[in-house]
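Residue numbers (this note's numbering), protein chains in the order written: chain A, 1 to 376; chain B, 1001 to 1653; chain C, 2001 to 2331.
Only one structure is covered here, and it is reproduced in the block below.
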Amino acid sequence: MADRVNTAERLEAAAAAAEQYYVASSWTLMRRKFVKHRLAVIAWFVLAILYLAAAFAGFAAPYDRIASRTDFSMAPPTRVRILHEGRLQAPFIYGLTRQRNPETLLMEYQTDPEQRHRIRLFVSGDKYKVLGLVTANKHLFGVEEPGVMFLFGTDQLGRDILSRIIHGARISLSIGLLGVAMSFVLGCMLGGLSGFIGGPVDMAIQRAIEFLQSLPTIPLWMSLAAAIPIDWSPLRRYFLITLILSIIGWTGLARIVRGKILQLREEDYVTAAGVSGATRRNVIVRHMLPNFLGYLIVHLTLEVPGMILGETALSFLGIGLQPPVVSWGVALQQASNIRSVALHPWLLIPALFVVLTVLCFNFVGDGMRDAADPYK
Amino acid sequence: MQTAKWMPVLLGAALLMATSAWASGEGEDTASSDAAMTMGGEYKEAPMLAAMVAAGELPPVDERLPIEPKVLEAIEEIGTYGGTIEVFANANHPWNDLADSPERSQYPLRMNFDGSIEADQAKAYELADDFMTFTLYLREGMKWSNGDDLTAEDFVFVKYQMDDHESIDTWGYPGQVDTVTAIDDYTVQLNFKVPYPRIVLDMLHWRGSDWTVVAPSTWLKQWHIEYNPNADAKAKEEGFDNWAEAFNNHHTFCCPAKDVNKPTLHPWKWKEHTTTVRIWERNPFYYAVDTAGQQLPYIDRIVSQTVNAETYKLKVVAGEADYAGAMTIGDFPLLKQNEETGNYTVKLVPHVNGGDVTYTFVLDNLDPVKRELFNNVDFRRAMSLAIDREEINETVWLGQAVPRQATLNADVSFYKSEWGENHPYNRYAPDEANSMLDALGLDERNRDGLRLMSNGEPMSFTLTYDAGAEGASEQEILTHELVKEDWAAVGVEVNLNPLDSDLIRQVETEGTMDVRATRTSGMEMYDFLSGNGGMLGVGHRGAGRFYSWWGAERGNVPEADRIGEPPPEDLAMLYQLGRADMQSTLFGSQEYRDVRTKIFDLHADKLWTIGVVGMAPYPLVVRNNLGNVPRVLPPWAEAWLTMNYYSNMWYFK
Amino acid sequence: MTQYIVRRVLYMVLSLGVLSMVAFMIIQLPPGDYVTTFVHMMQQRGIAVDEAMMRALYERYAFDRPVHEQYLKWIGNIVLRGDMGESMAFNDSVADLIAERLTLSVVLSLGTLIITYIIAVPIGIYSATHPYSVGDYAGTVFGFIGLATPNFLLALILMFVTLRLFGWSPGGLFSPEFLAAPWSLARVWDLMKHLPVPLIVIGTAGTAGLIRILRSSLSDELSRQYVITARAKGVAERRILFKYPVRIAINPIISAIGYLLPGIVSGEALVSIVLSLPTIGPMLLDGLRQQDMYLASSVILMLGMLTMVGTLISDMLLVVVDPRIRFEQKN
């Protein structure tokens, strides 16, 4: 009796599991599949933290992004310590003294164990605006004045690299999303038109795509960036540069959209929907779109890193964003010289963040690609 | 001993100025001293050439040299022949480090370390008292690198068979030249339309070179229709459409030579060039010898590789360059650290620039409120007081530049320290600046702490700098960022506006820029009227559209094309001084000094241009076994004026 | 098939016509022209160029003619005589300049291609057959780091590190004595010695893309019925893998070949600038920057042409490699 019950329960459980699988929405399945790609999940969290930090940059960064501290020009990364005279302590740092080397003329920094500063949470410091609205002066962590803590060192004007990375993330991380959004709109529209209308329109759009893809990207960017009107504000420049970056991006997307539409048009269920009287709009939105939205999202995710790298490349060529705008590209442009590599390697730390972000986007994209077709 | 070797450093800029030594020099006397040196007769030549003579490929050295060769005194010691000098050119400055003129080149006249001028390619020269006629006496028996004689015809040919020929591309003789006459085979006379004392300076550099005034006419005539009736057929044979095209191709009107066989007068002649490498080999007919009678140059070959700016530094650090000067003060620590492994010596040598960062408020700004403000000298003075120059020098310039106003280099013979370091407004006094600005009626501020102008607008200006490949250096941009903070502290906002060089040229005359940042060129001594006068000449960067008024006055611009308002009186005065200078003062004369003193007094008083730092030295790397290199070499701008690289005397120890 | 090719070639000629116009226009977009660039360079050097000289330059380069006239002359000479005009900055014929640098660009591109495939194909196959394994993660992370690092920085760092560690001469593709030498065995060997750093930098940037294409298309193939059937029938795993799925999964790679060239030139350009490589990329960028219009336009036109020919060839290759497409073509 007990055996039978058990068997029945087990069968039921199995059936329930199967049912769960079959009735689960495709989104649920996608999530389950995505979670299987462990790297993708980790990457997802890393990206979330980065974007959060960027959104609340003023709070997350220990210092202001622009104000110079010339007394600490080119200071190396500060070491966080927990041992003082052999005794364990709450995390603290030593003070800094400096001296110019008379031979090489380099400014050299020594720690001064006489001065100790405890690292605290929510310290008061430079003023900033929360989301551009409220003025505040609390920072996530830091040391009280006159102590200074530069976890990633400082640049020539004594500006904290960490703070500049966090503030720069605002531009560098958003440029990818914005660019991708532009690509998305352009790609869907033109790809959709191409697939649906066909004929000469399709022909023209396809040739245009081929044409754009046959141009080497960087020269195209260069000429377009050079043609940006001079008196434009940094913000408008930023938008235009994003647009320039997405000018190549949409072509790939348009091809995918067109291909999918052509393919799906012939599918039985679409025909069935059509025969049973669904409007054309309904067919597209309810039946076709969900079918390839996954692919689009994957494609877009994988476009983002290209945009982020594109921003750094434009800056390197001196045609991207310019100081005093703070972005990762600008930071790298200032660091991409032999002097930094040889003498001040900490100036290259922003590159690690570019690498990290690009890697994360790629893994998330891969995870999403695996998940995009959850029934496989 | 080491210090003595570097002593000429002090002369770095003095060469422009030490004028007493020059004052007597109408050239005749220096030429006679040359002659005395060369009476001996027997000359020595490089082993490389001796081998060619032995093989019958070259005439003997005594026949190759002019009757009276130029005799050059060694800077350190008499050298020995041989070797290839390996240098690099920075892709942005392809003429650096021997890669192109002027370092490799010689001209009719030369300027010595002490600022004195003497004949070089020419045997002697003479400028008439009315400055209307200039005569060059050539060296008899002097030859082009292919063995053709250099004669007066080579000058006349350029004027009448090239410049005056429509289909031939030339730079042309300096515009003031009216006629060019061959008095005899070795005497050329230039006649001017207006007095032109500056011809002496022109003859020190490219304006007196085979770019402009002289050409190997014997060689070129084979492509010229007037001398060769079959020139068209010859051109077709070579693949050109007509004789003129062929002529232009062989003559090469500018820059990278197209036909490497074009004869030259310089110490080395082209051997080969691609987009990445340029090679020169000694000119067997070079006209100068050392005091021991050895034909110059000492070094056989120059190989110059064009590389990216960062590769350039790394190559130097790796010890691959025999000589390198195209770097900035910021590179010094890295170079110093690698001195031993790289087997070179690096020194900081002074730069002739009087101002490395300077700001000019654009006086003809279209906005009437801004214009009134910018034209107020008290405003400019207050802005000067608000700059913390010491902090900038320490942070950005390794403490090696001089905090000073924009003016001439301090080594100029007639220099006054009140123009630069001791200028009354060369201090950091933010409080005083604040009260001066308050007194100008700018005492109201908005919520962000910015002062309000008389029209209620906040004081927010753009600060434009050149962001082109040749534009502002890293140090300059960092300086702008610090000045921006300093000015913000007294309630004046500036927004940095990096513009490409082309765009700057375009908007310069539009009256839309507020503050223009530049560096002085070091050329103020030479030229007050052209763009080279930089901001210290008349054509200073704030002048913008005033140019058109002055152009109209000289008849270069139609009256109808004048734009904007006429220049203010004080600026007009500066212009008149510059004009007078151009036509009537002879370089180095008392009058020359007087006019310039007046000009820079005016600059100091009016403070049209605010200086931050100047005279920043730059690092010069020289291979340890390379001898006779004067350690005062200026990098570009002033080099063509001074010509003192003396590369023809360098040698490997 | 013939008809298909003829049609494609016709489109190509049309596209090239448009491309030539765009290539010519792109240079005119930014303000200024070569003369202003040149004058500025001279000024930096301390040489004042006066009005008369500027006029002489404008006449010399025929900038005083209307743009369409300049364009027609340029394109006319290319079509009729294969003459691409003169580079102003180098004072040399554009065709010669391109020839000088194209060889090295091609060597670099091919080298990069080989490196990319050597790295990407094994990782891609392993990742597809062992999804979510440690090896999959390690392989992809490795492959992606190349993509994720800004090329110009990687080049700079490697140049410095190899100098410090191995004493390698920084930058360039040749030692000084071989710079202008004619091709010889010794020169080729010298070139080989200078290739590792550029190949690593440019090559690693491309691997990630290939890994991804291979991984996803191969895993698609592996879940197909015919694979399952084969497996059920007891065919050896290795044979299953290489008989069909890998061959099919290679298809997208072949179709990507056509676009490799502009991709490599773009990717190569920045690296070549940093490493001072005498390839097409930096020359094009300098040409654009200095507005050396015949040089820049001709290079763009040529790259466009090569890309179009490349896509045509890759499409034809696909037909040859994939019988299914061949079948479609026939119907």
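A virtual CB, placed ideally from N, CA and C, is assigned to each residue, including glycine.
These figures come from a predicted structure and were not determined experimentally.
- Flagged as an interface residue toward chain C: residue 1307(B), by a C-beta distance shorter than 8 Å.
- In the DSSP assignment, residue 200(A) falls within the alpha helix (DSSP H) that extends over 199 to 214.
- If you look at residue 2007(C), you'll find it in the alpha helix (DSSP H) that goes 2002 to 2028.
- DSSP, read as helix, strand or coil, puts residue 1578(B) in helix.
- Spatial neighbours of residue 2028(C) in its own chain (CB-CB distance under 7 Å, excluding positions within 5 residues in sequence) are listed in chain order as 2067.
- In the DSSP annotation of this structure, residue 1503(B) is not part of any beta strand (DSSP E); the continuous alpha helix (DSSP H) holding it starts and ends at 1501 to 1507.
- The C-beta of residue 2015(C) comes no closer than 8 Å to any C-beta of chain B.
- DSSP lists 1177(B) as the beta-bridge partner residues of residue 1192(B).
- Residues of the same chain with a CB within less than 8 Å of the CB of residue 2150(C), apart from the 5 flanking positions on each side, do not exist.
- For the options 1129(B), 1339(B), 1137(B), 1486(B), the alpha carbon positioned closest to that of residue 1624(B) is the one of 1339(B).
- Judged by beta-carbon spacing, residue 1043(B) lies within the 8 Å limit of residue 1062(B), meaning their Cβ atoms are closer than that value.
- The residue among 2217(C), 2123(C), 2089(C) with its C-alpha nearest the C-alpha of residue 2137(C) is 2123(C).
- Taking 8 Å as the threshold, the shortest C-beta distance from residue 318(A) to chain B falls below it.
- Taking a 10 Å sphere around the C-beta of residue 33(A), we find 16 or more other C-beta atoms and assign the residue as buried.
- In this chain, the alpha helix (DSSP H) harbouring residue 1481(B) covers 1474 to 1489.
- Contact of residue 1473(B) with chain C is not assigned, every C-beta pair being separated by 8 Å or more.
- A Cβ of chain C is located within less than 8 Å of the beta carbon of residue 223(A).
- The beta-carbon separation of residue 1212(B) and residue 1270(B), rounded to 19 Å, does not stay under the 8 Å limit for a contact.
- The segment 35 to 120 of chain A contains, as complete alpha helix (DSSP H) runs of 4+ residues, the segments 38 to 55, 57 to 60 (chain order).
- Residue 2090(C) is positioned such that its CB atom lies closer than 8 Å to that of residue 1275(B).
- Nearest C-alpha to residue 1570(B) among 1324(B), 1607(B), 1352(B): 1607(B).
- Counting C-beta atoms within 10 angstroms of its own C-beta, residue 1312(B) has 16 or more neighbours from the protein chains shown and is therefore classed as buried.
- When only Cα atoms are considered, residue 2073(C) and residue 1239(B) end up about 18 Å apart.
- In the three-state scheme derived from DSSP, where H, G and I count as helix and E and B as strand, residue 1294(B) is classed as strand.
- Taking 7 Å as the cut-off between beta carbons, the residues of the segment 340 to 367 of chain A near chain B are 342, 343, in sequence order.
- Counting C-beta pairs with one atom in each stretch, the segment 2215 to 2227 of chain C and the segment 2154 to 2165 of chain C have fewer than three that are closer than 8 Å, which means they do not touch.
- With 16 or more other Cβ atoms from the protein chains shown falling within 10 Å of its own Cβ, residue 2033(C) counts as buried.
- The segment 172 to 187 of chain A makes contact with the segment 308 to 315 of chain A; the number of CB pairs closer than 8 Å reaches 3 or more.
- The alpha-carbon of residue 2191(C) is positioned some 27 Å away from that of residue 339(A).
- Here residue 1191(B) has 1133, 1178, 1179 as same chain residues with Cβ atoms under 6 Å from its own Cβ, once five neighbours each way along the sequence are excluded.
- Secondary structure note for residue 329(A): it is in no beta strand (DSSP E), and the uninterrupted alpha helix (DSSP H) holding it is 328 to 335.
- Residues of the segment 156 to 178 of chain A that bring their beta carbon within less than 9 Å of a beta carbon in chain B comprise 156, 157, 158, in sequence order.
- Note on residue 89(A): under 16 other CB atoms within 10 angstroms of its CB, so exposed under the neighbour-count rule.
- Identification of chain A residues near residue 1400(B) by a Cβ-Cβ cut-off of 8 Å yields 105, ordered along the chain.
- The beta-carbon separation of residue 1479(B) and residue 1610(B), rounded to 12 Å, does not stay under the 8 Å limit for a contact.
- Here residue 122(A) is exposed. Its C-beta has fewer than 16 other C-beta atoms within 10 Å.
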